[in-house]
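First to last, the sequence lines map onto chains A and B. So that you can map any letter, position 294 of the first sequence is 294 in the numbering used here, and since no number is skipped, the others follow by simple counting. If you count the second sequence from 1, you need to add 580 to reach the numbering used here. The block underneath contains the structure these notes are about, expressed in structure tokens.
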Amino acid sequence: MTKQLVRKFSYKRLILTDEKRFMAQAQLPLNTPPGMSGDSAKEHPKAWKWYDYFTFNIDHKVIGIQYLVTAFFFYLIGGLMAMAMRAELLTPDSDFLDPTLYNAFLTNHGTFMIFLWIVPAAIGGFGNFLVPLMVGARDMAFPKLNAIAFWLNPPAGAILLASFFFGGSQTGWTAYPPLSLITNNIGQSMWILSIVLVGTSSILGSVNFVITILFMRVPSMQLTQVPLFCWAMLATSVLALFSTPVLAAGLVLLLFDINFGTSFFKPDAGGNVIIYQHLFWFYSHPAVYLMILPIFGIMSEIIPVHAKKPIFGYKAIAYSSLAICFVGLFVWVHHMFTSGTPPWMRMFFTISTLIVAVPTGVKIFGWVATLWGGKIRYTTAMLFAIGLLSMFVIGGISGVTLGTAPFDLHVHDTYYVVGHFHYVLFGGSVFGIYAGIYHWFPKMTGRMLNETWGKVHFILTFIGTHLTFLPMHELGLQGMPRRVAMYDPQFISLNQICTFGSILLGISVIPFFFNALWSWMYGEKASDNPWDGLSLEWTTSSPPLIENWEVLPVVTHGPYDYGMNGRSATTDKAPSESVS
Amino acid sequence: MQGAIETSETILNSSVDPAATKEVAHHEGHPDLRVWGLLTFLASESLMFGGFFASYLIYRGGAANWPPEGTEVELLVPAINTFILVSSSFVIHLGDTAIKKNNLNGMRLWYAVTALMGATFLGGQVYEYLTLGYGLTTNIFSNCFYLMTGFHGLHVFVGLLLILGVLWRSRRSGHYSATKHVGIEMAEIYWHFVDIIWIILFTLLYILTMF
Chain A
1 MTKQLVRKFS
11 YKRLILTDEK
21 RFMAQAQLPL
31 NTPPGMSGDS
41 AKEHPKAWKW
51 YDYFTFNIDH
61 KVIGIQYLVT
71 AFFFYLIGGL
81 MAMAMRAELL
91 TPDSDFLDPT
101 LYNAFLTNHG
111 TFMIFLWIVP
121 AAIGGFGNFL
131 VPLMVGARDM
141 AFPKLNAIAF
151 WLNPPAGAIL
161 LASFFFGGSQ
171 TGWTAYPPLS
181 LITNNIGQSM
191 WILSIVLVGT
201 SSILGSVNFV
211 ITILFMRVPS
221 MQLTQVPLFC
231 WAMLATSVLA
241 LFSTPVLAAG
251 LVLLLFDINF
261 GTSFFKPDAG
271 GNVIIYQHLF
281 WFYSHPAVYL
291 MILPIFGIMS
301 EIIPVHAKKP
311 IFGYKAIAYS
321 SLAICFVGLF
331 VWVHHMFTSG
341 TPPWMRMFFT
351 ISTLIVAVPT
361 GVKIFGWVAT
371 LWGGKIRYTT
381 AMLFAIGLLS
391 MFVIGGISGV
401 TLGTAPFDLH
411 VHDTYYVVGH
421 FHYVLFGGSV
431 FGIYAGIYHW
441 FPKMTGRMLN
451 ETWGKVHFIL
461 TFIGTHLTFL
471 PMHELGLQGM
481 PRRVAMYDPQ
491 FISLNQICTF
501 GSILLGISVI
511 PFFFNALWSW
521 MYGEKASDNP
531 WDGLSLEWTT
541 SSPPLIENWE
551 VLPVVTHGPY
561 DYGMNGRSAT
571 TDKAPSESVS
Chain B
581 MQGAIETSET
591 ILNSSVDPAA
601 TKEVAHHEGH
611 PDLRVWGLLT
621 FLASESLMFG
631 GFFASYLIYR
641 GGAANWPPEG
651 TEVELLVPAI
661 NTFILVSSSF
671 VIHLGDTAIK
681 KNNLNGMRLW
691 YAVTALMGAT
701 FLGGQVYEYL
711 TLGYGLTTNI
721 FSNCFYLMTG
731 FHGLHVFVGL
741 LLILGVLWRS
751 RRSGHYSATK
761 HVGIEMAEIY
771 WHFVDIIWII
781 LFTLLYILTM
791 F
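Structure (structure tokens):
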């Protein structure tokens, strides 16, 4: 295994098309192009000003941070909705929220968290910030398209928020007809519009990622040397490209049914509601991989760096992303086992669902084997990564149980499902985003996050997650249905534990929020490579200068070659002769 | 923290002209990837039609009569339209061949002809909508019919705009040449895409309803 990683990379100097220009700007006497004397170059900024982050900016780093901050804002909104719902569920009666409002919160909590927090933060945020830096590119392949993709997100969120003035969409994030045809048409149409906007954004972003990763690597970097995060982003993007348009098709049909009198999903007029479910889940099952694959990528970056060990099974982890992408396109019917699905379909999709666990397991074992015997530094990023590992295994195993049709028939639409997907999405995706923020915050802002407060944040989040979501499994097994504002009094004690946990989760955001805010302004200055990372983003300054590098770095070793080739982490530098 | 890199110090302290380097980095640093980008996008876009086609086939499979009683599918105008659209794909390719030989006027001629053919197609489509005996909401077949052809028509319209954009830009001398014509190529690829989608659409909506 290690043999592949020890492969020696030649110290061949890169010939850059724009090297001459850079040398000229470094005020070397030779070859100064006309109109580009040293004086005029001095007037240009080396970094963006704060207000640049509020404009239509085409720098991938600005866009990445724009995504992250916007998504975090929507995360807070979605979180407040969740806390309001949990407050309602403290007692069996409906006494805190109006049931209609409860339904609207339920729908929009899911929508905000999925479409406007995890997807934009994991794919748009980390993807945009990191992919060009990791592959040694100066920007994404289509920077303007990238900025357009981002700017579709704020209006989408605004439309969702505005839909509350019209009562909000009340059908759950799945918007199944006929429910979505008969409840609050205006709110539902606004919801559709919003999803179509974020879907378009996702497609445009994915085009960018695929092309950037495939074609814009620095010439000295082979496809088998790109950091695993890029492999994960490649798989994510391909998946988004194939699945998102199908959801758009389903939503267009739904929109026509609601507003223009068609009857695609009206059985009394020849329509068929099951078709909507197929179109919806053809996207929305892969959507869970859209939310977890980038996180897998983040894990594969953080674990080797903080364990100071080469990743175990680079190729296995890289290809397992593609395998998840491929198999993930053929499992969607496991959400529909109770929709009158014929037995052969149940069998096929049970088997395909179980197969997904294999490439996922490959990754999990790869990370565990990387941790094994490593020099583990318990930084906050690493704590979140290890926390993710444990929680994702729980969520993954409950996912396997749900993927088998016989069991699913019993717990379908119960709190067991809610418990399962919160373990994967909160314990998995959100933990991964937190881990990524703690890991790359120094690179993004040039300042360190406070580690003590980070650990407080981790402990509160970790306990809060288990308190909130673990009892849900038991509630589901006892038969408590999901998506209800009122429930049988026998479920009260477990629900109170959940609510208490959700309050803890709400509190856990506070130390993080203020830590991030304070550190961004006054935190300890970060060095270029505070964690001794080996991938290319650590070879530039913190925060990276506007075009990422003055002279593109040369890949002389793999991204995880700790302790190999007689080199140590602190001597990683690109040959500097070119600028000195 | 001790892992700081000398090189980046040098980088930080030297001046880089971001405005000037942006141009270079994005357009000369790597080969033009716009065609690849478009192809990727179209692969994705075709899945949206795929969703419509699949739904249509399920409706068709589940219905006793297809199209439902009283819905007559007219064939003459669409057949002429199909002929026009398919031929236009060959015409637009002549334009592409012309610009590769640095024949700007040839390209403009063929692209103008393509635009004309595309406009005729759209006109035929509108004529068909106006004369058909059923509307959007008549039955499930007409739902599918108007949605799919309408959606395709929208794509034809966008393709038409791309071609007109090419013609508009070609006024400036030197904008396109034998070695520099990515925009022309992209308009052509998009037009072929619209054409392929139409062939499937025609098969599903017209030919298959005859049996």
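Backbone N, C-alpha and C fix where the C-beta goes; we use that ideal spot for every residue, glycine too. Please read these numbers as outputs of a predicted model, since none were measured by experiment.
Task: A:F469 vs A:H412 beta-carbon contact at 9 Å - done: no
- [ ] Report the option in A:A84, A:V135, A:P99 and A:F105 whose CA atom is closest to the CA atom of A:P553.
- [x] A:V135
Task: Near-chain A residues of the segment 731-759 of chain B (beta-carbon distance less than 8 Å), N- to C-terminal order - done: F731
- [ ] Closer than 9 Å by beta-carbon distance: list the chain B residues that pair up with A:F215, in chain order.
- [x] H610, P611, L613 and W616
TODO: Could you tell me how far apart the beta carbons of A:G127 and A:F209 are, in whole angstroms, since I believe they sit closer than 8 Å?
DONE: 6 Å
- [ ] Starting from B:G686, follow the alpha helix (DSSP H) in both directions and report where the run begins and ends.
- [x] L684 to T711
TODO: Would you identify the three-state DSSP class for A:M128, choosing helix, strand or coil?
DONE: One point to set straight first is that residue 128 of chain A is Asn, not Met, in the sequence displayed. If DSSP states are grouped into helix, strand and coil, A:N128 belongs with the helices.
Task: Counted within 10 angstroms of its Cβ, other Cβ atoms place B:L734 as buried (16 or more) or exposed - done: exposed
TODO: Classify A:K61 as buried or exposed, calling it buried when 16 or more other Cβ atoms lie within 10 Å of its own Cβ.
DONE: buried
Task: Straight-line gap, A:T370 to A:P227 (C-alpha atoms, nearest Å) - done: 15 Å
Open item on the list: Helix, strand or coil, according to DSSP, for A:T236 in the structure here?
Closed with: helix
Open item on the list: Less than 9 Å between the C-beta atoms of A:H420 and A:L402, yes or no?
Closed with: yes
Open item on the list: For the alpha helix (DSSP H) containing B:I672, name the first residue and the last one.
Closed with: L656 to K680
Open item on the list: Counting beta carbon pairs with one atom in the segment 107-127 of chain A and one in the segment 428-435 of chain A, are three or more of them shorter than 8 Å?
Closed with: yes
Open item on the list: At the level of alpha carbons, what is the spacing between A:I351 and A:Y75?
Closed with: 34 Å
Task: Continuous alpha helix (DSSP H) stretch holding A:G78: start and end - done: H60 to E88
Open item on the list: My parser needs the beta strand (DSSP E) runs of 3 or more residues fully inside the segment 509-552 of chain A; what are they?
Closed with: none
TODO: Mind checking who A:R447 pairs with in its DSSP beta bridge?
DONE: A:K525
Open item on the list: What residue range does the alpha helix (DSSP H) around A:V368 cover?
Closed with: P343 to L371
TODO: Flag B:M766 as yes if its beta-carbon sits less than 9 Å from any beta-carbon of chain A, otherwise no.
DONE: no
Open item on the list: According to DSSP, simplified to helix, strand and coil, what is B:F782?
Closed with: helix
Open item on the list: Just verifying my parser: in three-state terms, what is the DSSP assignment at A:T380?
Closed with: helix
Task: Bounding residues of the alpha helix (DSSP H) (the contiguous stretch that carries B:G631) - done: R614 to G642
Task: Other residues of its chain near A:A84: CB distance less than 7 Å, five sequence neighbours each side excluded - done: L97 and F105
Open item on the list: According to DSSP, simplified to helix, strand and coil, what is A:T414?
Closed with: strand
- [ ] Output yes or no for whether 9 Å exceeds the beta carbon distance between A:A457 and A:P511.
- [x] At residue 457 of chain A the sequence reads His, which differs from the Ala that was named. Yes, Cβ-Cβ distance for A:H457 and A:P511 is below 9 Å.
- [ ] Quick one: list the residues of chain A neighbouring B:T620, beta-carbon separation under 7 Å, in chain order.
- [x] V207, V210, I211 and L241
Task: alpha helix (DSSP H) segment containing A:T404, residue limits - done: Looking at the DSSP string, A:T404 is not in any alpha helix (DSSP H), and its letter there is neither H nor E.
Task: Inter-residue Cα distance where the pair is A:N184 and A:G168 - done: 7 Å
- [ ] May I have the straight-line CA-CA distance separating A:G313 from A:F142, to the nearest angstrom?
- [x] 32 Å
Task: CB contact check: A:A248 to chain B, cutoff 9 Å - done: yes
Open item on the list: Taking the alpha carbon of A:L354 as the reference point, which residue from A:Y522, A:K309, A:V400 and A:M391 has its own alpha carbon closest?
Closed with: A:V400
- [ ] Would you kindly check if the distance between the Cβ of B:S624 and the Cβ of B:D775 is under 9 Å?
- [x] no
Task: Limits of the alpha helix (DSSP H) - the one that A:Q170 falls within - done: Careful: A:Q170 lies outside any alpha helix (DSSP H) and carries neither H nor E.
- [ ] Write down the C-beta distance between A:V252 and B:F621 rounded to the nearest angstrom, noting that I regard them as a contact closer than 8 Å.
- [x] Not really, about 18 Å apart at Cβ, beyond 8 Å.
Open item on the list: Please state the DSSP three-state secondary structure of B:S546.
Closed with: Past the edges of chain B, shown from 581 to 791, lies residue 546 of chain B, and the structure says nothing about it.
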